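Structure first, commentary second.
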Amino acid sequence: MPELPEVETIARELRPLLDGATITGFQTDWPRAIKYPDPERFATQLAGREVLDVTRRAKWLIMPLSGDMVLAVQVKMTGQLFVVEPHVTGDRHVHHVFALADGRELRIRDVRKFGRLGLYRRGEEGLILGADDIGELYDQFGPEPLAEDFTVRRFRALIRTRRGRLKPLLMDQAFLAGIGNIYADEALWRARLHPLRSAASLKPDDERRLYTAIRDVLGEGIARRGSSVDDYTAPEGDGEMQRYLNVYQRTGTPCRRCDRPLRRFVLGMRSTHFCSWCQRLPRAEQTPANRKLLKGAVANARRGPRWSELPLGEGAVGAERD
DNA sequence: ACGCCTACCTGCTTGC
DNA sequence: TGCAAGCAGGTAGGCG
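Be aware that the first sequence starts at 27, since it is given in this note's numbering, and climbs by one per residue.
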């Protein structure tokens, strides 16, 4: 599930591969993925442009092009990008192909076809996303959690404006950019905060631990080239972070801090993994609604892990993927 | 602001 | 064994 560390890894690995490359053509068998402008203009306006850089904002890949245009790619769940020689065999999941002047191809493979592409003008205050109603990419998201000027002081000011539960809040891109299901669960475990804990209830020390946990887990994710669970892989191959995740998809296995079995429950249609011992929910927040959500967590732990929730790479039965 | 729901997709897993 | 239902989740959009 590409989140900030995964998209950052894709950007870092594409950058040298696309340095100085010129796009000469574009073909797609899934034009519905072209978000802006229409597929025809997308292809014609791309032709002849040089790729000046490959960067990231939130979970978007951003490629500034010559002529003050920007190619933006949103990989969502299953998008993968590769730069290959044209003779390299693809498969039916390769939906978009950018021809490059030196003969190579930038290919986007996307099993579930959730990924989106857009070609925009580059504005002065950032990226102008065009005439549709997406808004301004650089303003619609919250701060980049790894930015140098994103201090604990700024984080405190930000979180004190919010009142909802921590997990959905961390995943809200308008609050912080780039955190998804995996790193939300991991950050909360590191900070010893319950996913259902309300932001308004945090003490200054809770806020500091959460800030540190978010930055640490995202930084480590980048250092390990992302978490290759399900369909994520980078241009240079799978990441390593999946082996170092402490709660995500580890239901029923011992918590690495306290040895008690990790639990899973569903929050907003998302799998949520946590340690009920290390991440306590204060009595005041044990509301009927929260209790109801957590009932399933007990049953889940009793039933034991699904094979896909066993630790990867540890020789566990069924852990082999692909 | 917040919470809850649905839709978009395909492949894998589960249950009958 | 086969087949359908369920599940995975990033994001937009709708509703209350």
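All residues carry an ideal CB built from backbone N, CA and C; glycine is no exception.
Since this is a predicted model, take the numbers as computed values, not measurements.
Which value, in whole angstroms, describes the spacing of the CA atoms of L43 and E29?
21 Å
Measure the C-alpha to C-alpha separation of D79 and P90 and round it to an integer number of angstroms.
Near 6 Å, if we compare the C-alpha coordinates of P90 and D79.
Let me check one thing: in DSSP terms, what residues is S224 bridge-paired to?
According to the DSSP secondary-structure assignment, S224 is paired through a beta bridge with R191.
Cα-Cα separation between I36 and Y274, rounded to whole angstroms
21 Å
Looking only at its own chain, which residues have a Cβ that is under 6 Å from the Cβ of V99, when we skip the five neighbours before and after it?
L87 and L143
Exposure label - Q312; buried when at least 16 CB within 10 Å
exposed
CB of R306 to nearest heavy atom of the ligand ATP: below 8 Å?
Although the ligand ATP was asked about, the structure shown includes no ligands whatsoever.
Using the C-alpha atoms, what's the distance from L184 back to F52?
41 Å
Express the C-alpha separation of L196 and P230 in angstroms, rounding to a whole number.
17 Å
If you draw a straight line from the alpha carbon of Y258 to that of E212, how long is it in whole angstroms?
Their Cα atoms are separated by approximately 18 Å.
Under three-state DSSP, which class holds T115?
coil
Excluding the 5 residues preceding and the 5 following R306 in the sequence, name in chain order all residues of the same chain whose CB lies nearer than 7 Å to its CB.
H220
Measuring alpha carbon to alpha carbon, tell me which residue in Q106, V137 and T104 is nearest H119.
V137
Per DSSP, what kind of secondary structure is A73 in: helix, strand or coil?
coil
Go to F181, then tell me how far its alpha helix (DSSP H) extends in each direction, as first and last residue.
F181 -> alpha helix (DSSP H) spans V178 to I185.
Once the 5 residues before and after D158 are set aside, which same chain residues still bring their CB inside 7 Å of it?
A caution first: D158 carries a pLDDT of 41, below 50, which makes its placement in the model unreliable, though a value can still be read off. Hits under 7 Å: Y62.
If you drop the 5 nearest sequence neighbours on each side, which residues of the same chain put their C-beta closer than 6 Å to that of P331?
With a pLDDT of 44 at P331, under the threshold of 50, the modelled position of this residue cannot be trusted, and the question is left open.
Locate the alpha helix (DSSP H) running through V33, then write down its first and last residues.
L30 to L44
Quick check on the burial criterion: 16 or more other C-beta atoms within 10 angstroms. Buried or exposed for K321?
K321 is exposed by the Cβ-count criterion.
Length at least 3, wholly inside the segment 82-114: the beta strand (DSSP E) runs in chain order
86-91, 95-100 and 105-110
DSSP-derived helix/strand/coil call for R241
helix
Which residue's Cα is closest to the Cα of R314: R148, L222 and P57?
Per the sequence shown, the amino acid found at residue 314 is Pro instead of Arg. Out of R148, L222 and P57, L222 has the C-alpha closest to the C-alpha of P314.
Where Q53 falls: helix, strand or coil (DSSP)
strand
Whole angstroms are fine: how far does the CA of E131 sit from the CA of I208?
Roughly 31 Å between the two C-alpha positions.
Who pairs with P314 in a beta bridge, going by DSSP?
DSSP, once it has assigned bridges, lists no residue as partnering P314.
Among L97, D45, L293 and S92, which has the Cα closest to the Cα of A210?
L293
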